[in-house]
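Asker:
Chains as they are written, first to last, in this note's numbering: chain V, 1 to 822; chain A, 1 to 242.
Next up, the structure:
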């Protein structure tokens, strides 16, 4: 099918020709096929999505209701896309209206959008759910012909994607003719996305591949400095990174955590002899601050921005010609996404520099570079069948009007994400929404769904719909506190602190552990903590060079399975070491000499004494989360074996456990066997017993309780913060667990914890992989490979279950002190 | 499948077992703090509990919030366990035993029977609280505004003390945080100086308030806290508490 005349002329006038994939998507759309387009950044993906829509609206004529829903994961992205669309519409003189609708859209505009809907509505996943929960949804969507889903690869792996998939089933019921166009970056498994896009059981959506871009040019920093054994700050490389920034026009410096962003920014600023405009951008900074940085980037007024994943998605903010990645990228897909931020032109290679912050990261960077060169992606599967999300959707359905459970079940199971949902679970979810779903039927009188004589379920009060609109969504933030600049005065001998401008937000747990007078890094400055008030933390600027409190952690990504495999393989082949820097080669050769280098399917376990304790260090390379869980389980087993374990520390690569008894001796004498220690059966009762008590489970329950609407974050008429929630979810968890352990929400929390927080699936795969393949070395002292993880000891905090022990230790220390004084 | 998400989990009733090593002295009396949040006076074989907030869970039902309706049962089982463990002959509830005036009407029949049997098992005194200014009269036991026990005033809300007066109160739901090993650990606690003791809230759904918050200002001189850990009570001086 060829492009309408007006469009051809427009392309021609700009000296462009439509790309093959743009025409292919158009052809599928004309044939009314749902289609998936996979294309790298800069491939004209957005236009490919819009071309069919613009052509159809032009042919149909304007003002006939919403024709196209465009769903983008980011609010800011929605705005930008709307702006970018204005140009071709104006230049072609198309009779097409475009509007955005996000959480920020004022009520008046929403009202107007209902009365006079635009042809194209650009919006976010949450807004689609709100739209279908509207009693007028049928009317608003009856002319809908297309749903374009942007950044689909990023959406489907989260609960936002699961909620969207349910909202789309409602859209489909209102507009059976509508097709979906999925837009995605390159993924390892396109088939999952193809299935996700269409109703369960239907033939997968046809796939259109965009033209691949030029291979990125990725270097690994060959530092003249010594690469540190451990740590994540990469401060050794600052002068070299600064040199790169000086040579480039515009550099994006990606880091993995917010704390790293603060540290790197601070160090670059100190090295900044030329006073280059360098800025900081991360999720904790005040929104206004972030917008300012983005605007300065777009205007070309900056030379570098230190950022976290906040700048990973989205359209161009400027002419970036170099991406520096500090720390290992942890996954090849993430690396490719970030590299794609530079040079948004397909014909030119992106320029990227990887800066490993320790020796293991050198291996990881090398693996990531090879993976990126092959354009190999990590496998991230779409998230499916979340019961808390289903509960939220059911309430939303009731907000739109009375419904028949049979029909809703059929509709929900038509989503690929819920194709395995049983009627029993669905009925339980209905019961949960209605009365909490408890065996003790305490809430029949106050049910949120009431059965009418005709079998329809109905919301008994409009107030419930208002509560739904205020609380819906699946993004649960950590409890955050605002950080504000303060002024401290002495008045009549009293310390008076007055609050000033807001700097940003930080995790409550971090701020609440600070004591007055301590200094910490935040918003690019060293600040002195002055106390908390009802609005949050107060701080003043400090003259100190070094903060006293090491900074807080943002989200830490675990090493992806795919990269882990590559690192293990590289390690196992000494012939490949030649690509590594000499210091790292020397380190590995020494390891081979002193201990052993494991094969790709083996796991090395070393035991050695040190400073009166006995250590077990193993190297599963499965990422920090899986290693932490393994550490918990191993210590339980070592306890039972009488080894008196004292603690453990996990890194992305290794796990070290220390104990009072001599494990080398225990293994030699046959009292303990490594095969049994690492047996897969630890995934059963041990895991269950530990997890039930763990803080991870409570956190997971909190998220589920909020998403499923057990707890309301906001109440009509007043904004409630998470902190002031009526009842602490930890207490609810304890009570529910003792009295109704089979409750729907506990199951949902359990499933989340299993596949998200503790990486149980990965741990299971590890234990199967190493069965019969554990290489044990009993050593006299620490091996070269063990040094990095040993250096982490003391830097890492103690985990959940040990809090009581810490308290006892602290109280005992006081007693000791008191005794000495006697 | 390597991992079976079966939700069978052990019960989480707080362990009750009086802490042998920890005692709290107030006036001429000695008390033993319990992991459940109760306080036992061995000389008088009397058990004190504060702020049960029974039926707090169901109090939100009218708004469409359906919290697990087991908080009352959980609190009562806990109370029964600590009564049995101490062999208490007298039970004194320091107010806010019921979350609101409607609590009596909402309580489940089985829970009501359990509550009655507990009240009958000991000489039971209900001190009125701000949430329950007149606790229901049909449970058993007597209702009082406040009472003196072994020379110590027992009341719901702490008050300005007369010369030489000692007091045990509830109402404030104290919790304390201690920083150690880079962790800030927060727990419910008993807080006391030489004249006043405030008990932690006993109820399953009761939140807690930091002893450093303004509500505690002016109540204590040089105090200690007894923090309730998972398996032991830990005592800290004021200087360690943040």
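Note that CB positions come from ideal geometry on N, CA and C, so glycine has one too.
So within the region 315 to 344 of chain V, which uninterrupted beta strand (DSSP E) runs reach at least 3 residues, ignoring any that extend past its ends?
Answerer: 322 to 326
Asker: For a test of the three-state rule: what should DSSP assign to residue 360(V), helix, strand or coil?
Answerer: helix
Asker: Taking the alpha helix (DSSP H) that residue 453(V) falls in, what are its first and last residues?
Answerer: Per DSSP, residue 453(V) belongs to no alpha helix (DSSP H) and is neither H nor E.
Asker: Between which two residues does the beta strand (DSSP E) holding residue 251(V) run?
Answerer: Residues 251 to 254.
Asker: Round the Cβ separation of residue 120(V) and residue 218(V) to the nearest angstrom and send it over; I've been treating them as touching at under 8 Å.
Answerer: That belief does not hold up - the Cβ atoms of residue 120(V) and residue 218(V) are roughly 38 Å apart, past 8 Å.
Asker: Measure the beta-carbon distance from residue 74(A) to residue 153(A) and round it to whole angstroms, keeping in mind my assumption that it falls under 8 Å.
Answerer: That pair is no contact at about 30 Å.
Asker: Which value, in whole angstroms, describes the spacing of the CA atoms of residue 195(V) and residue 639(V)?
Answerer: 47 Å
Asker: Within 9 Å (strictly less), CB to CB, does residue 436(V) reach chain B?
Answerer: Included in the structure are the protein chains V and A, with no chain B among them.
Asker: Pick out whichever of 71(V), 351(V), 745(V) and 125(V) has its Cα sitting closest to the Cα of residue 436(V).
Answerer: 745(V)
Asker: Give the DSSP-derived three-state secondary structure of residue 160(A) in the structure shown.
Answerer: coil
Asker: Express the C-alpha separation of residue 64(V) and residue 737(V) in angstroms, rounding to a whole number.
Answerer: 53 Å
Asker: For a quick check, are the C-beta atoms of residue 246(A) and residue 92(A) less than 9 Å apart?
Answerer: For chain A, the structure presents residues 1 to 242; residue 246(A) sits outside this window and is missing.
Asker: Beta-carbon of residue 61(A) versus every beta-carbon of chain V: anything under 9 Å?
Answerer: yes
Asker: So, using beta-carbon positions, are residue 852(V) and residue 405(V) closer together than 9 Å?
Answerer: As displayed, chain V neither begins before 1 nor continues past 822, which places residue 852(V) out of reach and without an answer.
Asker: What runs of the beta strand (DSSP E), each 3 residues or longer, lie entirely inside the region 567 to 620 of chain V?
Answerer: 603 to 610 and 613 to 618
Asker: Using the three-state DSSP reduction, which class does residue 539(V) fall into: helix, strand or coil?
Answerer: Judged by DSSP in its simplified three-state form, residue 539(V) adopts strand.
Asker: Using the beta-carbon count (16 or more within 10 Å), is residue 608(V) buried or exposed?
Answerer: buried
Asker: Indicate whether residue 676(V) and residue 661(V) have their beta-carbon atoms separated by less than 9 Å.
Answerer: No, the Cβ-Cβ distance between residue 676(V) and residue 661(V) is not below 9 Å.
Asker: Whose C-beta lies closer than 6 Å to the C-beta of residue 569(V) among residues of the same chain, with five residues either side of it excluded?
Answerer: 600
Asker: Would you identify the three-state DSSP class for residue 499(V), choosing helix, strand or coil?
Answerer: strand
Asker: By the criterion of Cβ-Cβ separation under 9 Å, what are the contact partners of residue 30(V) in chain A?
Answerer: Those within 9 Å of residue 30(V) in chain A number zero; the least Cβ separation is about 44 Å.
Asker: Mind checking who residue 482(V) pairs with in its DSSP beta bridge?
Answerer: 505(V) and 536(V)
Asker: So which residues of chain A does residue 728(V) contact, with C-beta pairs closer than 7 Å?
Answerer: 207
Asker: When we look at the beta-carbon of residue 30(V) and count the other beta-carbons within 10 Å, is it buried (16 or more) or exposed?
Answerer: exposed
Asker: Can you name the residues of chain V whose CB is closer than 8 Å to the CB of residue 73(A)?
Answerer: 739
Asker: Mind checking residue 797(V): buried by the 16 CB within 10 Å criterion, or exposed?
Answerer: Note that residue 797(V) has pLDDT 42, beneath the 50 cutoff, so the model's placement of it is unreliable and no number is given.
Asker: So, helix, strand or coil for residue 10(V), using DSSP?
Answerer: helix
Asker: Reducing DSSP to helix, strand and coil, say where residue 158(V) ends up.
Answerer: coil
Asker: What distance in whole Å lies between the Cβ atoms of residue 166(A) and residue 226(A), which are believed to be in contact at a cut-off of 8 Å?
Answerer: Residue 226(A) to residue 166(A), Cβ: 17 Å. No contact.
Asker: Are the CB atoms of residue 114(A) and residue 83(A) nearer to each other than 9 Å?
Answerer: no
Asker: Is it true that the region 358 to 373 of chain V meets the region 217 to 233 of chain V, where meeting means three or more beta-carbon pairs spaced less than 8 Å apart?
Answerer: yes
Asker: Which residues of chain A have a Cβ atom closer than 8 Å to the Cβ of residue 443(V), listed in chain order?
Answerer: 58, 61, 66 and 69
Asker: Can you list, in chain order, the stretches of the alpha helix (DSSP H) that have 4 or more residues and sit fully within the region 640 to 721 of chain V?
Answerer: 663 to 668, 674 to 677, 685 to 693 and 695 to 707
Asker: For residue 32(A) and residue 544(V), I'd like the C-alpha separation in whole angstroms.
Answerer: 47 Å
Asker: Which residues mark the beginning and the end of the beta strand (DSSP E) in which residue 70(V) is found?
Answerer: 68 to 71
Asker: Compare the Cα-Cα distances from residue 141(V) to each of 67(V), 126(V) and 750(V) and report the closest residue.
Answerer: Among 67(V), 126(V) and 750(V), the Cα nearest to that of residue 141(V) is on 67(V).
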